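Chemist:
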Amino acid sequence: MKKLSFLLAATIAAGVGTAQAETFKWAAQTDPQTMDPHAVNSAPVLGFLNNVYEGLVRRGKDMTIEPALAESWEPLGGDGWRFNLRRDVTFHDGAAFTAEDVLFSYERASSEAADTASWFAPVSEVTVVDDFTIDFMTTAPNPIFPDSIANFMIMDRGWAEANGVELPAKDAENFATLNANGTATFRLAERQPGLMTVLEPFEGWWGEVEHNITRAEFTPVQNSATAVAALLSGEVDMINPVPVQDAGRVAERDGVGVITGIEARVIMFGFAHQADTIKYADDAGQPNPFRDVRVRQAVAHAINVDAILQTIMRGAAEPASQLVSPAMRGYTPALAERPAYDPDAARALLAEAGYPDGFSFGLKCPNDRYLNDESVCQAAVSMLAQIGLRAELDAMPVRTYWPELREDNFDMYLLGWSPGTFDAEHPVRFLAATPDEEKRLGSWNFGDFSNPRVDELLPMIQSEIDDAARQAMLDEVAQILQDEQAYVPLYVQPLIWGVRDGVELTQRPDNFFILRWVTINE
Amino acid sequence: MLAFIIRRVLQSVVVLLVVGLVAFSLFRFVGDPVDNLLGQERTIEDIDRVRSELGLDQPFPVQYFRFLQGVAQGNFGVSFRQGRPVADILAERAPATLELAAVSALFAIVLGITLGVYTAIRRDGWLSNFIMTSSLIGVSLPTFLIGILLIYVFAVELGWLPSFGRGETVRIGWWTTGLLTESGLKAIILPAITLGLYQMTLIMRLVRAEMLEVLRSDYVKFARARGLNQRSVYFRHALKNTLVPVITITGLQLGSIIAFAIITETVFQWPGVGLLFINSIQFVDIPVMASYLMLISVMFVVINLIVDLLYFAIDPRLSASRGGGH
Amino acid sequence: MEAIARALDSDLAYRFRRSPVAMVAGLVVVLLIGSAVFAPFITAQNPFDPGSLNLMNGFSKPMEPNQFTGETFVLGTDDQGRDVFATILYGMRISLFVGFSAVIFAMVLGVTLGLISGYVGGRTDTIIMRIADIQLTFPAILVALLIFGVAKGITPPDRRDEVAIWVLIIAIGLSEWVQFARVVRGATLVEKGKEYVQAARLIGRSPVAIMVQHILPNTLSPVLVIATISLALAIIAEATLSFLGVGAPPTQPSLGTLIRIGQEFLFSGEWWILFFPAMTLLALALSVNLLGDWLRDALNPKLR
Chain P
1 MKKLSFLLAA
11 TIAAGVGTAQ
21 AETFKWAAQT
31 DPQTMDPHAV
41 NSAPVLGFLN
51 NVYEGLVRRG
61 KDMTIEPALA
71 ESWEPLGGDG
81 WRFNLRRDVT
91 FHDGAAFTAE
101 DVLFSYERAS
111 SEAADTASWF
121 APVSEVTVVD
131 DFTIDFMTTA
141 PNPIFPDSIA
151 NFMIMDRGWA
161 EANGVELPAK
171 DAENFATLNA
181 NGTATFRLAE
191 RQPGLMTVLE
201 PFEGWWGEVE
211 HNITRAEFTP
221 VQNSATAVAA
231 LLSGEVDMIN
241 PVPVQDAGRV
251 AERDGVGVIT
261 GIEARVIMFG
271 FAHQADTIKY
281 ADDAGQPNPF
291 RDVRVRQAVA
301 HAINVDAILQ
311 TIMRGAAEPA
321 SQLVSPAMRG
331 YTPALAERPA
341 YDPDAARALL
351 AEAGYPDGFS
361 FGLKCPNDRY
371 LNDESVCQAA
381 VSMLAQIGLR
391 AELDAMPVRT
401 YWPELREDNF
411 DMYLLGWSPG
421 TFDAEHPVRF
431 LAATPDEEKR
441 LGSWNFGDFS
451 NPRVDELLPM
461 IQSEIDDAAR
471 QAMLDEVAQI
481 LQDEQAYVPL
491 YVQPLIWGVR
501 DGVELTQRPD
511 NFFILRWVTI
521 NE
Chain A
1001 MLAFIIRRVL
1011 QSVVVLLVVG
1021 LVAFSLFRFV
1031 GDPVDNLLGQ
1041 ERTIEDIDRV
1051 RSELGLDQPF
1061 PVQYFRFLQG
1071 VAQGNFGVSF
1081 RQGRPVADIL
1091 AERAPATLEL
1101 AAVSALFAIV
1111 LGITLGVYTA
1121 IRRDGWLSNF
1131 IMTSSLIGVS
1141 LPTFLIGILL
1151 IYVFAVELGW
1161 LPSFGRGETV
1171 RIGWWTTGLL
1181 TESGLKAIIL
1191 PAITLGLYQM
1201 TLIMRLVRAE
1211 MLEVLRSDYV
1221 KFARARGLNQ
1231 RSVYFRHALK
1241 NTLVPVITIT
1251 GLQLGSIIAF
1261 AIITETVFQW
1271 PGVGLLFINS
1281 IQFVDIPVMA
1291 SYLMLISVMF
1301 VVINLIVDLL
1311 YFAIDPRLSA
1321 SRGGGH
Chain C
2001 MEAIARALDS
2011 DLAYRFRRSP
2021 VAMVAGLVVV
2031 LLIGSAVFAP
2041 FITAQNPFDP
2051 GSLNLMNGFS
2061 KPMEPNQFTG
2071 ETFVLGTDDQ
2081 GRDVFATILY
2091 GMRISLFVGF
2101 SAVIFAMVLG
2111 VTLGLISGYV
2121 GGRTDTIIMR
2131 IADIQLTFPA
2141 ILVALLIFGV
2151 AKGITPPDRR
2161 DEVAIWVLII
2171 AIGLSEWVQF
2181 ARVVRGATLV
2191 EKGKEYVQAA
2201 RLIGRSPVAI
2211 MVQHILPNTL
2221 SPVLVIATIS
2231 LALAIIAEAT
2241 LSFLGVGAPP
2251 TQPSLGTLIR
2261 IGQEFLFSGE
2271 WWILFFPAMT
2281 LLALALSVNL
2291 LGDWLRDALN
2301 PKLR
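Residue numbers (our numbering), protein chains in the order written: chain P, 1 to 522; chain A, 1001 to 1326; chain C, 2001 to 2304.
1) At a CB-CB cut-off below 8 Å, which residues of chain P make contact with Phe2265/C?
2) At a Cβ threshold of 8 Å, is Arg249/P touching chain C?
3) Looking at chain P, is there any beta carbon in it that lies within less than 8 Å of the beta carbon of Arg2304/C?
4) Would Val1284/A and Asp1032/A be called neighbours here (beta carbons separated by less than 8 Å)?
5) Using alpha carbons as the reference points, say which of Gly1070/A, Asn1229/A and Gly1165/A lies closest to Gln1264/A.
6) Would you call the CB atoms of Leu363/P and Glu318/P closer than 8 Å?
7) Buried or exposed, going by whether 16 or more other CB atoms sit within 10 Å of the CB of Asp534/P?
8) When the distance is taken between beta carbons, is Thr1194/A closer than 8 Å to Thr1114/A?
9) Quick one: Cα of Arg2017/C to Cα of Val244/P, how far?
10) DSSP puts Val258/P in a beta bridge; with which residues?
11) Determine the DSSP secondary structure at Lys25/P, reduced to helix, strand or coil.
12) Quick check: the stretch 2167-2178 of chain C against the stretch 2233-2246 of chain C, are at least 3 beta-carbon pairs closer than 8 Å?
13) In terms of residue numbering, what span does the alpha helix (DSSP H) encompassing Ala1108/A cover?
14) Mind listing, in chain order, the continuous alpha helix (DSSP H) runs of no fewer than 4 residues lying wholly within the stretch 1007-1095 of chain A?
15) Shortest alpha-carbon distance to Ala438/P belongs to which of Leu1309/A, Leu1254/A and Thr1043/A?
16) Give the single residue among Trp1270/A, Ser1104/A and Leu1054/A whose Cα lies nearest to the Cα of Gln222/P.
17) With a CB to CB cut of under 6 Å and the five nearest residues on each side skipped, what residues in its chain are close to Arg2015/C?
18) Gln192/P by DSSP, collapsed to three states: which one?
19) Do the stretch 2273-2289 of chain C and the stretch 1290-1308 of chain A touch if we need at least three Cβ pairs shorter than 8 Å?
20) So, helix, strand or coil for Lys523/P, using DSSP?
21) Would you kindly check if the distance between the Cβ of Tyr1198/A and the Cβ of Val1139/A is under 8 Å?
22) When the Cα atoms are used, what is the spatial distance from Gly420/P to Glu1045/A?
23) Is the beta carbon of Ile461/P closer than 8 Å to that of Arg535/P?
24) How would you write the range of the alpha helix (DSSP H) that Ser1217/A sits in, first residue to last?
25) Considering Thr2228/C, what are the terminal residues of the alpha helix (DSSP H) in which it resides?
26) Can at least three beta-carbon pairs, one atom from the stretch 1121-1138 of chain A and one from the stretch 188-205 of chain P, be found at a separation below 8 Å?
27) On a Cα-Cα basis, can you pick out the residue from Val1244/A, Ala1120/A, Leu1141/A and Leu1179/A that is closest to Arg1216/A?
28) Which residues in the same chain have their Cβ closer than 7 Å to the Cβ of Ala2013/C, if we skip the five residues on either side of it in sequence?
29) Kindly list the residues whose CB is nearer than 8 Å to the CB of Leu1128/A, restricted to its own chain and excluding five residues on each side of it in sequence; keep chain order.
30) Under 8 Å, Cβ to Cβ, is there at least one residue of chain A near Thr177/P?
31) Taking 8 Å as the cut-off, does the stretch 303-319 of chain P touch the stretch 399-411 of chain P (at least 3 CB pairs, one atom from each stretch)?
32) With distances taken Cα to Cα, identify the nearest neighbour of Val1246/A among Val1273/A, Ala1101/A and Met1200/A.
33) Can the beta-carbon of Ile1188/A be found less than 8 Å from the beta-carbon of Glu1099/A?
34) Out of Leu1161/A, Leu1254/A, Leu1243/A and Leu1149/A, which has the shortest C-alpha to C-alpha gap to Phe2265/C?
35) In this structure, how does DSSP classify Gly358/P when only helix, strand and coil are distinguished?
36) Which residue marks the beginning of the beta strand (DSSP E) containing Leu85/P, and which one marks its end?
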């Protein structure tokens, strides 16, 4: 029966498809909201546009930095980086690529109107040396600068000027919102926002072609169950993501399979470190117990991460002990153990801190941001209840979640963090540094964790060129964060893609889908 | 008559203005659009800057007034998320919703009237009872569940019909239609059933109830007594008399079909204005939400007006007063 | 009046006994409501108490011992290790509470406005009916989303999750009052012209007294029918709102929230998490609908 129905599905799919076999169709939850690579700094946009635009450098299959539009680069003493550009590169419209385009793109991407401006905060000056050499000068030594601009995409100056898109449009439509002219493997053939986006191979691409796609159609499918249905019925060749719970079934099914990987995102609980009182539930108004490190440690010991991974995450995720996953640069291998699940120890710590009978408080949680976020929080509530901590769960969509956290409306909360630079320094800067608006530090440190030594180490890490010395400082920060239990890291979120048999592709840990690595074997 | 129309149109304008005001007073509670517009590396300063760029730091009456100013000039604003004029986006999405609504309304009316007449004529037949009872199953389950079950059976297990989207569309001027391609026709079946099922049941029950009443009226009894044949009694007289309330209710339902398309479109990923609206809630895209509500309001007002006019035309005694379904 | 009511009652009772469908439906409704009310005495687990749950019990199949804990659950467990049977009973309490409260709210509001609109007429009538138009314009979903937001905005932070249920009640109630108002207004318009009302007016009875004592009783049967059908609608509307994420909180799930959770596991093979709550909802709504249907026919003198 199943086989029969599958045959039927296949014939219908074949009957529907008018194009050749190499048409590749894929679906993901979010539509890239713009085709402008500098207007929005969000993963769906940057991930999609990586197929159309290119940067000076790019990330390979294993996330390492490799040459793209720059053939090579070298540090200029301690104050900057020189990029030697690739020759004979043309944009999709035929225009030649030169250092002028890089300078223009820098000006565009670092302008007030661009959302990507923060990438260039350390840059003091950019100088064109000759047509194929360009220098990026920085205010201080910056060892990871090339890594941090992997998503800085280059636009043609002539095209931008001809179409009046010298600046990204923030609150109006412009030509670059719907059209694209990059240098990458694919060019934008059709763009219907929210409905379908079609890419076609760019014949004049400089690189060696690995894919055999003649046409690629992207459709946003928001409801993940609908997406799974579309994959199972053969309407699409690939979906991202497959809900964790459906991965097993999709894997078993004939004709389709799943590709599972570890994403860069670490899921963790955070606390109100500075608040004087509990804000929610029956103990609202009482002194805030989370200021006591023993209480935070009790929470860490009370949560049975293995059970969560085994049931809710179906064995698809790895436990986390730090704010970054082991795959990231600067991870501390010596601190790979997370606090053991030990309710007795947790109760003892609570008693020691003066809460033998526990207390009640509010736990905030998003319900549409991370994989099974709400279920994980629910499970945590029942685990915390076992040691006498009565958490009142308030789960909400992200559109209200971030404002709520910004207004300090929480006692404890769930947070996921994916380091944009794939480096351990990133979460220290955003989650562990004492919030400082002026210096752009701690902007996601909602609980106001503050440690003078961490604040002291951060700038030193940022400008340290020597790898060993840098790692030693990162290790020290990781140790402090673990001792202080600043956060309770839970697990590293999995990446689960569903793929039709016969399609080969590469899953990159940043969840970017790179079309040039796709081959279809019929 | 003309005075009545003018009065109603004026009232309608007031209704629209009130809808808009209520909507704008509530938008800030839906959430904050700023986080969706800025990346991970945003600062509090960026947030404040974007808020003021979008005019979100203004009190809601001011935001509303600005929106109205725009609308008066035919400008519905620019989507926060897509950065494109809302009017363009709505125009792109409207054909999908209108086609879905039309097909499901057609399905509801044709099947509803047929089954309604049948169950009224064979009032106590077992098939009638079966139809009456089983039709209730369709309205005793939430729409989203019916949609998901249909997808599961017909798309995933049987593989007969597509699980999402509109299939291939053909462009005729600015209108895109899915009704001219095979894949488009296949794609509309499940969503149309999902959306029309509730209305179908409603119409069927209404037709049956009205038929039963008319059949018992003296007027039909006379017709029968005069020796007219059954068929003529049923269709010429009884059905004709039931059609007025049926048209009224169907007309009113047409608006709610479009409103409730929201859920069907979400389940089937149907690229219409309902899905757009749900997305705009998710991203707190205020210009899109506001325009969508305005559009739906205009539609309701127009439908109400037409229904009133029909009443007026059919029975002038009723004039402006309307008695509802029964 | 009372005599008429009593006669109607006994007549209804007689007709009820004559209709097998109505009797079965009635029995199912009584059974379901009863098991919801007495849930704590029927099940051992209280699924709303997080401390009593064991995550390792999660995804147990119906009637099969769990692979980790060895415990057996008649209808299986959900992702949190909650007994599906217990959760259905407790969830039904919330669904029924929301349903009944929403219908009562809609009925009181709708009947009052309908009476006033029909009896007073003129400008008042126009205003009320235009408000009804506005109400119809706003899909229930949107009303719920907006009220949800407002309620979150104006309640003190520590009381917010209690608000969710009341938001549902108000949102669903608001989307259904128009029906009541229209029917009552129509009936009022008809009754207003009748001689007995004219007479009551002449002897100087107050409008309120006329509305309550003379007109209201005559609108009762359609109101009862609408109320019954609205109850089914309200229970389903609650489920729909849960699907869109504005339902009962996941730690205290209603039937609708259970279905929303369960549909996530439809493709993964844990069919019982969706199936049993969905069947319960179907049984409840279908029975209520059948009762409403029967009531409509039974109360319609023209159909005898």
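For each residue, glycine too, the CB sits at the ideal point set by N, CA and C.
As the structure is a prediction and not an experimental result, all values here were calculated from the model.
Modeler: Well, looking at it:
1) Gln245
2) yes
3) Its pLDDT being 45, under 50, Arg2304/C is placed unreliably by the model, and nothing is read from it.
4) yes
5) First, the residue type needs correcting, since residue 1264/A is Thr and not Gln in the sequence shown. The residue with the shortest Cα to Cα distance from Thr1264/A is Gly1165/A.
6) no
7) Outside the shown range of chain P, which is 1 to 522, sits residue 534/P, and nothing can be said about it.
8) no
9) 52 Å
10) In the DSSP assignment, the residues bridged to Val258/P are Gly498/P.
11) strand
12) yes
13) Val1086 to Ile1121
14) 1034-1037, 1044-1053 and 1060-1072
15) For clarity, residue 438/P is Glu in the given sequence; the question names Ala instead. Closest by alpha carbon: Thr1043/A.
16) Trp1270/A
17) Leaving aside the five residues that flank Arg2015/C on each side, the residues in its chain whose CB is nearer than 6 Å to its CB run, in chain order, Ala2298.
18) strand
19) no
20) With chain P running from 1 to 522 in the structure shown, residue 523/P is simply not present.
21) yes
22) 20 Å
23) No answer is possible for residue 535/P: it lies beyond the span of chain P, which begins at 1 and ends at 522.
24) No alpha helix (DSSP H) contains Ser1217/A, which DSSP labels as neither H nor E.
25) It spans Leu2216 to Phe2243 - the alpha helix (DSSP H) in which Thr2228/C sits, taken as one unbroken run.
26) no
27) Selected option, being the one with the closest Cα: Ala1120/A.
28) none
29) Here residue 1128/A is Ser; the residue named in the question, Leu, does not match the sequence. Contacts found: Tyr1118, Thr1119 and Arg1122.
30) yes
31) The answer is no - the stretch 303-319 of chain P does not touch the stretch 399-411 of chain P, with fewer than three Cβ pairs under 8 Å.
32) It is Met1200/A whose Cα lies nearest to the Cα of Val1246/A.
33) Their beta carbons are under 8 Å apart, which means Ile1188/A touches Glu1099/A by this criterion.
34) Leu1149/A
35) When DSSP states are grouped into helix, strand and coil, Gly358/P belongs to the coil group.
36) Looking at the DSSP string, the run of the beta strand (DSSP E) that includes Leu85/P is Gly80 to Leu85.
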